[in-house]
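Trainee:
In the working numbering, the protein residues as written are 445 to 721.
Following this line, the structure appears as structure tokens:
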């Protein structure tokens, strides 16, 4: 465990990290909002609000019958985007995107700072690389809104395992998972990370009876079990567990979804693949 930096002094590293986040904010705030998925998701949100019910049939795809079963897994994101449009029009949507992305980066940077004991240069490099890898996907889609609960989930998990948060913070894991599963299908990543973290903690506690994780294992196990049940609180119920793997196994989606493609090596400083590799 690396203790959090508690000096309380504002250093050049602090200012540099804040400046990086400010530059990311500035860059995102002037990016246009691609309409491709945004308006379709907002239309779904509008329909659910007007009808007061969760959609479960096709409404917009002209290649399917109008009554064909259709899964609106990201229903909460769609309602949030429509509500934001109603309240703030286009500026509201742009602000929602900017806040979700920058706050997510900021939370993870804060966690990295504490995890490294205030090693600012490592945090700056990681933050810069994260921005370079992700900048071309700074749109407003359900996965954008899922960044915030995902970041909070990882921060709470990491801080607890690092003995920098008390046991009561574990209540945040199932709450965040409940929000995450209704925002976007990436919640499966959270379950996988949580399962791996629990397995690592269990092995550490069994191998070293003096390790602090031994005392934390029981509450962490309970939190893991409860969190693992949260995906059932979704309109699809148990079906949400089958839905995500079925999407991943769809050959057409694997072929045409750009964000699912493996990184390609290319000498392009503005290409995410260059920095990812």
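We put the CB at the ideal spot given by N, CA and C, even for glycine.
All of these numbers come straight from a predicted model, not from anything done at the bench.
1. With distances taken Cα to Cα, identify the nearest neighbour of residue 550 among 635, 462, 656, 665.
2. Taking a contact to mean a Cβ-Cβ separation below 9 Å, would you say residue 469 touches residue 488 in this structure?
3. Taking the C-alpha atoms as reference points, what is the distance between residue 565 and residue 634?
4. Quick check on residue 455: does DSSP put it in helix, strand or coil?
5. By Cβ distance below 7 Å, which residues in the same chain neighbour residue 676 in space, the five residues on each side in sequence not counted?
6. Just mark residue 446 as buried or exposed, buried being the case when its beta carbon has 16 or more other beta carbons within 10 Å.
7. Kindly provide the ranges of any alpha helix (DSSP H) runs that are 4 or more residues long and lie completely inside the segment 472-535, ordered along the chain.
8. Are there three or more Cβ pairs, one per stretch, closer than 8 Å when the segment 533-552 is compared with the segment 582-590?
9. Can you list, in chain order, the residues of its chain with a C-beta nearer than 7 Å to that of residue 570? Leave out the 5 residues immediately preceding and following it.
10. Please classify residue 604 as buried or exposed, where buried requires at least 16 other C-beta atoms within 10 Å of its C-beta.
11. Could you tell me which of 527, 511, 459, 612 sits nearest to residue 567, measuring between CA atoms?
12. CB-CB under 7 Å to residue 574, same chain, minus the five flanking residues each way: which ones, in chain order?
13. Once the 5 residues before and after residue 628 are set aside, which same chain residues still bring their CB inside 8 Å of it?
14. So what's residue 677 in DSSP terms, helix, strand or just coil?
15. On a CA-only basis, which of 467, 524, 662 is nearest residue 611? Give me that one, please.
16. Where do the ends of the alpha helix (DSSP H) carrying residue 588 lie?
17. Which of helix, strand or coil does DSSP assign to residue 640?
18. Check each candidate in 541, 680, 514 and name the one with the smallest Cα separation from residue 524.
19. Looking only at its own chain, which residues have a Cβ that is under 6 Å from the Cβ of residue 454, when we skip the five neighbours before and after it?
20. Can you tell which of 658, 671, 656 has its C-alpha closest to the C-alpha of residue 637?
21. Which value, in whole angstroms, describes the spacing of the CA atoms of residue 719 and residue 576?
22. Return helix, strand or coil for residue 789, following the three-state DSSP convention.
23. Using only the alpha-carbon positions, how far apart do residue 504 and residue 497 sit?
24. Pop quiz: residue 632 and residue 552 are said to be a contact at Cβ under 8 Å. What is the actual Cβ separation, rounded to whole angstroms?
25. Since residue 610 is in the alpha helix (DSSP H), which residue starts that stretch and which ends it?
26. Please name the residue in 527, 474, 512, 618 whose C-alpha comes closest to that of residue 485.
27. Going by beta-carbon coordinates alone, are residue 493 and residue 680 separated by less than 9 Å?
Mentor: In short:
1. 462
2. For residue 469 and residue 488, no; Cβs fall outside 9 Å.
3. Cα-Cα distance, rounded: 27 Å.
4. Residue 455: coil per DSSP, three-state reduction.
5. 682
6. With a pLDDT of only 46 at residue 446, under the threshold of 50, the placement of this residue in the model should not be trusted, and no figure is reported.
7. Counting whole runs of 4 or more residues, the segment 472-535 contains the alpha helix (DSSP H) stretches 479-495.
8. Judged by Cβ distances under 8 Å, the segment 533-552 makes contact with the segment 582-590, as three or more pairs qualify.
9. Taken in chain order, the residues that qualify are 556.
10. With 16 or more Cβ atoms within 10 Å of its Cβ, residue 604 is classed as buried.
11. 459
12. 549
13. 517, 518, 521, 586, 587, 589, 590
14. coil
15. 662
16. 586-605
17. Helix, per DSSP.
18. Of 541, 680, 514, the residue nearest in Cα terms is 541.
19. none
20. Of the candidates 658, 671, 656, 671 places its Cα closest to the Cα of residue 637.
21. Confidence is the limiting factor: at residue 719 the pLDDT is only 47, short of 50, which leaves the residue's position unreliable, though a coordinate-based value still follows. In a straight line, the C-alpha of residue 719 is about 7 Å away from that of residue 576.
22. This structure leaves residue 789 out entirely; the chain is present only between 445 and 721.
23. 17 Å
24. Actually they are not in contact, since the Cβ atoms of residue 632 and residue 552 sit about 19 Å apart, beyond 8 Å.
25. No alpha helix (DSSP H) contains residue 610, which DSSP labels as neither H nor E.
26. 527
27. no
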